[in-house]
Structure formats: structure tokens, C-alpha cells
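Enquirer:
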Amino acid sequence: MFEFRNGSLHAESVSLETIARQFGTPCYVYSRAALTAALAQFQSACGGRDALVCYAMKANSNLAILGLYARMGAGFDIVSGGELARVLAAGGDPRKVVFSGVGKSAAEMRYALENGILCFNVESASELARLAAVAATMGRRAPVSFRVNPDVDARTHPYISTGLKESKFGVEFSAALKLYRAATRMPQIEVAGIDCHIGSSLSDYAPLIEALDKMLGLVDALAAEGIQPRHLDLGGGLGIRYRDEAPPDVAAYMREVFARVGERKLKLLFEPGRNLVGNAGVLLTRIEYLKPGAARNFAVVDAAMNDLIRPALYEAWHEIVAVGNSDAPSAVYDVVGPVCESADFLGKERELAVAEGDLLAVMSAGAYAMCMSSNYNSRPRAAEVMVDGDSVHLIRERERTEALFALEHLLR
Ligand code: LLP
């Protein structure tokens, strides 16, 4: 949905040059068609089976995107009370919400119970006890699944790998049976499902299948004791193409999953984040200065690590392209922002034919980009727009500088 037309990069039918003129830079630009196509692909790969796609909204929680997905029937994987508030504000159905995360507060549990969510993905015995206590004060039963750590190597970046024994996430595989037994004895707890998530940005789904097999073994062991989780939640993790990765084929993955689940009576839940939104957005930025040097040339742009932290944090690689045609000579640049940190780069050693004032697009910036942005260096956060055919909708205003310190107080 991001293509060059007449030498200029477009989002659907709108040129990014037009968007920059109208909304300024830095600016996140999303394609509605790309967002909906990705979810539709996932949903249709479920092929009429009993399944629910719960968008892992931590990847991008803009209300417009949530609203779009809610209308398409998606559920949501949340990790905080704030995310649940967003689901509700966007018109999402709380009965399709699963609540993940290793540190849920009592207040968050209460809020989620009040709103009747589908399931709490519980990550420890202490969390189970707290949830039971909160449910008891409300006279409710809390639907629960345990996030089991299948001890599978997701073979991805260590910061986003979560399925190994060493990880803070999930309950140990060997402890899961005991926890389920305990849960079935608690009147305030209802065993709803079983859950795992082994990591993010996987370019091969083999580790997910390895995890699935382990989980099915556990499902069968539970069944032998008369414990029947209604659903199996396989988490997220399917990667996308940032550079030259061959992203896993969603339909092939799902076929493999359903084949292995076989005749077992289990609803399947998936929690894709990046795979749905990652390639549906770009970060549009303007070159402030070109700064040639003896060792390196720098293109200093108006977006920075506060807008997109993935390169600084994970050494993540995002393609960077010039939006328009330029007669400028081609050179190799480090694309850097104005923030006072050497880690403030968006890309290193990129060959670009650009002049000062030109626009660049940082590609594949739909996931874990705007939602991880900060106000470091007192930089207001970028605007976000959604393109739909030939129209553009502002879906988040550029933050105003006064808003940055509106909650602060001077000492008298
Ligand atoms: N479910 C759970 C429980 C998760 O923790 C995550 C992501 C997902 C689903 C969605 O995973 P996905 O389908 O997007 O791979 N900030 C990092 C990624 C962190 C992922 C955290 N958990 C990045 O920028 O690459």
C-alpha cells in the first residue's frame, strides 16, 4: 500500500509530500487498506474453525486502529488497565479481551472483572491468589488461563524472546499441572484456557509449532485429570519483512496449528501484533541538515529516537527511502535525529540521493513505533494520520509543547 507513483512515494492514493505539507513532520502515516488486509488474512486463515484473533494492541494502540479492528470482529490482547480503557473507548467488545502481563495490579483486575473480559492470562501462583481475592470481594468468578512457559527457543532478539526458562514470563512448564489443580479448587476461579507466548519477530514458525506440541501434551495431561480448558491461546510472534527476511506464511502456520490440534475440543486464540500493523505504517520525516564528515556523513532529520526507539534499543533495521526524486548526488549517510545521544539514529550507512529539506520515509513503522515514543528532550510526539484511498484522516494530533509540562507544578 506504500508505492512509488510518478517518482513519489504514496500511501494508497495520497502522496507523502502532500501529507507532509498538510500535517507537518515527523508524522506517522498508516494505510487503512494495509491494516484491514492483514487482519482479514489472519481471520480468513482461521477458515471457519472456532478461533478468535486478539490483536496485541501494545503494538499500536491508536483508537482509530482499534476501532477499525473492533468493527472487523477482532478481540484484543491487553497488558494494562489503560489498554482496556482504550478498547472500551474504541467500541471494542470486552468479552473478546484477554489480559496478559506479569504484574497485574488489584485495581486492574477489578476493572477487568467489572467489564467482563474473556480471560486473565495468569503468570504466577501469587497472581492467581490475588485474582481470587479480588474476585471474592466482587462476588465474581474470574476466568483464567495460565501462561505456560514451554521452554522453547524462539531464536529471535534476546530482548523480545520470552519462552525460555530464564525468562520472567509465564509459569514453569513443570509447575503448570499443579497450578491448574489448585485453580479448579478455588470457587472464585474458573479455568477458561491455556496460554503461551514465546517471543516476537519470528521469521520462522517452527518454534511456535514446537511450543504448540508441548502445550497439546499439557492439554492432554489436564484432560486425563478431568480439567478441560475451553481455549488454547498461542500468543503472537509472527514476524514481518523489514529487510530481506522471509516472513512466515500465516495461512501455512494456521494450517499446521489446526492439523495438530485435530479433534480436540479447543477454541484457538491468537495474539498477533506486529504481523497485523508493522508494515501498514511509515514514519515520515524531513531532512534538516546534511552534515558531511571525514569518517561519516550524517543526514540530520526531524524525527528521533524519541519517535522511533527500535533502532537504538534493538539495533532494529528499518528501510529508509527518499520520498521524492532528487538530482542530488548519492552518498552514504547515517540518518540521525536531533536528540543528544549517540544512540539516536534511525538507520546507519544508507545510500541516499537527497538534499536538505527532502522527505524521508522510515518504513515498517506501524508496530512498536509510535506507541513506544517518548517526550525525551521535551520533544512533542508526532502526529498520526490514516490514509483511506484518496482521503487522509488525522487520527492523533501533534502533541502541543504546553501539554508536555501541563501536569507539572512549580515550587512556590
Ligand atoms: N502476546 C504477548 C503476551 C506479548 O507479550 C506480545 C508481544 C504479543 C502477544 C505480540 O507479539 P507480536 O505478534 O507483535 O510479535 N517492542 C518490541 C516487541 C515487544 C513484543 C512484546 N510482546 C519490538 O519493537 O520489536
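Note that my numbering has the sequence shown beginning at 5, numbered continuously upward. Idealized CB from N, CA, C, for every residue including glycine.
1) If we count Cβ pairs, one from each stretch, closer than 8 Å, do we get three or more for the stretch 29–38 versus the stretch 47–61?
2) Between ALA371 and the rest of its own chain, which residues show a CB-CB distance below 7 Å, the 5 nearest in sequence each way excluded?
3) Alpha carbon to alpha carbon, what distance is there between LEU13 and LEU356?
4) Which residues bound the alpha helix (DSSP H) around GLY369?
5) Check whether the Cβ of LYS100 sits closer than 7 Å to any heavy atom of the ligand LLP, and report yes or no.
6) Take every Cβ of the stretch 98–112, pair it with every Cβ of the stretch 122–139, and state whether three or more of those distances are shorter than 8 Å.
7) Closest to GLU319 by CA distance: which of SER109, GLN192, PRO162 and VAL156 is it?
8) How close, in whole Å, do the beta carbons of LEU43 and MET5 come, if the pair is a contact with beta carbons under 8 Å?
9) Let me confirm a value: LYS182 is counted as buried when at least 16 other C-beta atoms fall within 10 Å, else exposed. Which label applies?
10) Using the Cβ count rule (16 or more neighbours within 10 Å means buried), how would you classify TYR293?
11) Should GLU112 go down as buried or exposed, given a rule of 16 or more other Cβ atoms within 10 Å for buried?
12) For a test of your reading of the model: does the CB of TYR32 fall under 7 Å from any non-hydrogen atom of the ligand LLP? Yes or no.
13) Name the DSSP beta bridge partners of TYR318, please?
14) Among residues of its own chain, excluding the 5 on either side of ILE324, which ones have a beta-carbon nearer than 6 Å to its beta-carbon?
15) Quick one: is the Cβ of GLY351 within less than 7 Å of any heavy atom of the ligand LLP?
16) Under the three-state reduction of DSSP, which class applies to GLU292: helix, strand or coil?
17) Would you say ALA371 touches the ligand LLP, meaning its beta carbon is less than 7 Å from a heavy atom?
18) Identify the residues that DSSP records as bridge partners of ARG151: which are they?
19) Label LEU415 either buried or exposed according to how many other C-beta atoms from any shown protein chain fall within 10 Å of its C-beta, with 16 as the threshold for buried.
20) What residues in its chain sit with their C-beta under 7 Å from that of VAL21, if we drop five residues either side in the sequence?
21) Nearest-angstrom Cα distance between ALA373 and ALA133?
22) Counting Cβ pairs, one atom from each stretch, are 3 or more of them under 8 Å apart for the stretch 190–206 and the stretch 134–150?
23) Compare the Cα-Cα distances from TYR337 to each of ILE291, ASP248 and SER368 and report the closest residue.
24) For THR29, I'd like the list of residues in its chain whose CB is within less than 6 Å of its CB, leaving aside the five on either flank, ordered along the chain.
25) So for GLU7, helix, strand or coil by DSSP?
26) What number of angstroms, rounded off, separates the C-alpha of ILE202 from the C-alpha of SER378?
27) Compute every distance between the C-beta of SER128 and the non-hydrogen atoms of the ligand LLP, then say whether any falls below 7 Å.
28) Whole angstroms are fine: how far does the CA of ARG234 sit from the CA of LYS269?
29) Exposed or buried, what is ASP157 when buried is set at 16 or more other beta-carbons lying within 10 Å of its beta-carbon?
30) Which same chain residues end up closer than 7 Å to ALA308 when comparing Cβ atoms and leaving out the 5 residues on each side of it in sequence?
31) With a 10 Å radius around its C-beta and 16 neighbouring C-beta atoms as the bar for buried, classify GLN192 as buried or exposed.
32) For ILE399, which residues in the same chain have their Cβ closer than 7 Å to its Cβ, ignoring the five residues on either side in sequence?
33) Alpha carbon to alpha carbon, what distance is there between SER205 and ASP248?
34) Going by beta-carbon coordinates alone, are ARG99 and MET142 separated by less than 8 Å?
35) Candidates ARG402, GLU406 and ALA335: which alpha carbon is nearest ALA24's?
36) To test your reading of the DSSP string, which unbroken alpha helix (DSSP H) runs of 4 or more residues are found completely within the stretch 118–142?
Expert: Looking at the coordinates:
1) no
2) ALA63, ASN64, GLY277, ARG278, VAL281 and GLY282
3) 15 Å
4) Residue identity differs from the one stated: residue 369 is Ala in this sequence, not Gly. Neither: ALA369 is in no alpha helix (DSSP H) and is coded neither H nor E.
5) no
6) yes
7) PRO162
8) Actually they are not in contact, since the Cβ atoms of LEU43 and MET5 sit about 14 Å apart, beyond 8 Å.
9) exposed
10) exposed
11) buried
12) no
13) Beta-bridge pairing links TYR318 to no other residue.
14) VAL339, GLY351, ARG354, LEU364 and VAL366
15) no
16) strand
17) yes
18) ASP199
19) exposed
20) The residue asked about is misnamed: residue 21 is Glu in this sequence, not Val. These residues qualify, in order along the chain: SER12, VAL327, GLY328 and LEU363.
21) 35 Å
22) yes
23) ILE291
24) LEU288, THR289, ARG290 and ASP306
25) strand
26) 27 Å
27) no
28) 7 Å
29) exposed
30) GLY341, PRO342, VAL343, ASP348 and ARG383
31) buried
32) ASN66, ALA68, GLU388, VAL389 and MET390
33) 13 Å
34) no
35) ARG402
36) 129–142
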